[in-house]
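Residue numbers (this note's numbering), protein chains in the order written: chain A, 29 to 138; chain B, 29 to 138. Contents: one structure, followed by commentary.
Number of protein chains: 2
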Amino acid sequence: MAKGAMTAAQLALVAERFKVLAEPVRLQLLQALMAGERTVGELVEATGLSQANVSKHLQLLLAHELVARRKEGLFAYYSLADESVFQLCDLVCSRLERATRERQRRLARG
Amino acid sequence: MAKGAMTAAQLALVAERFKVLAEPVRLQLLQALMAGERTVGELVEATGLSQANVSKHLQLLLAHELVARRKEGLFAYYSLADESVFQLCDLVCSRLERATRERQRRLARG
DNA sequence: ACGCTATATTGCCATGTAGTTGATTATTGA
DNA sequence: TCAATAATCAACTACATGGCAATATAGCGT
Numbered sequence: 029m030a031k032g033a034m035t036a037a038q039l040a041l042v043a044e045r046f047k048v049l050a051e052p053v054r055l056q057l058l059q060a061l062m063a064g065e066r067t068v069g070e071l072v073e074a075t076g077l078s079q080a081n082v083s084k085h086l087q088l089l090l091a092h093e094l095v096a097r098r099k100e101g102l103f104a105y106y107s108l109a110d111e112s113v114f115q116l117c118d119l120v121c122s123r124l125e126r127a128t129r130e131r132q133r134r135l136a137r138g
Numbered sequence: 029m030a031k032g033a034m035t036a037a038q039l040a041l042v043a044e045r046f047k048v049l050a051e052p053v054r055l056q057l058l059q060a061l062m063a064g065e066r067t068v069g070e071l072v073e074a075t076g077l078s079q080a081n082v083s084k085h086l087q088l089l090l091a092h093e094l095v096a097r098r099k100e101g102l103f104a105y106y107s108l109a110d111e112s113v114f115q116l117c118d119l120v121c122s123r124l125e126r127a128t129r130e131r132q133r134r135l136a137r138g
């Protein structure tokens, strides 16, 4: 990665990737896949979302190569295709936790 | 970070953070601040965006504590308040580059 | 061929938000 | 106090997209 400036095109690509991840439902699906590959039906059951909704989100994740698809008979098995997603989540999560801690500390002091 | 499952609330927070970053203009503003604090006017000039537009995006970044604000006379000086953003961008960027490389290699082979 | 099941797709509606324009609030200097 | 500049706010339009309902597609068994 260039330490200096990213081009507008690069920024657009990065923003696009962030946008894919900026949806709780999609994060939920990715998380559900952490345990291994799952069929659409299993993901529907795991998340409580409608089948059409799950399918649509999976299409988007697939288009961005965040998941992979394997068809077998009637079933479509989805699996993770990009482990880096969880590094991103961890980074955000730990940063949010730190912010919360500091907010509380500030509150405690006055 | 918990290795296991994140709660729905945690996922929502993480998704919200991603959403803030899922806008090229905001990434551009953050990048412009890498060199040091800047006034709104300077950011307007650096980005070519309208002043109102820049100001609105800065408000959002400020609300999410990605930037800090210092008022001095007529000017409002904005600066970075969360360096982790660039770690996120770097992760995404390197992942995208790798994907592009692999795509090209696949294309070359057939 | 037919029905049955799993998945995908399409059309629609509601919501969210980026961007513009115009008004409004500070702050400085004359 | 008045004018000029910097920044924010408010109202609006245009567009993208999440979710639902209904329909379509595809593979299996009979």
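Ideal Cβ positions, reconstructed from N, Cα and C, are used throughout, including at glycine. Because the structure is a prediction, the values reported are computed rather than measured.
Beta-carbon spacing of residue i, residue j below 9 Å
| i | j | result |
| --- | --- | --- |
| L55/B | L108/B | no |
| L119/B | L124/A | no |
| T75/A | V53/A | yes |
| V48/A | L89/A | yes |
| D110/B | E93/B | yes |
Separation of residue j from residue i, as counted between CA atoms
| i | j | result |
| --- | --- | --- |
| Q87/A | L58/B | 31 Å |
| G101/B | A80/B | 19 Å |
| F46/B | A91/A | 19 Å |
| E51/B | T67/B | 20 Å |
| L135/A | V82/B | 31 Å |
| F114/B | E70/A | 36 Å |
| G64/A | Y106/A | 9 Å |
| V72/B | C117/B | 22 Å |
| Q38/B | F103/A | 31 Å |
| R98/A | G138/B | 21 Å |
| A40/B | H85/B | 21 Å |
| L77/B | A36/A | 13 Å |
| A33/A | T128/A | 31 Å |
| C121/B | R126/A | 25 Å |
| E44/B | Q132/A | 21 Å |
Backbone secondary structure at residue i - three-state DSSP
| i | result |
| --- | --- |
| T128/B | helix |
For a minimum of 4 consecutive residues, which ranges assigned as the alpha helix (DSSP H) are wholly contained in the stretch 71 to 105 of chain B? 79 to 91
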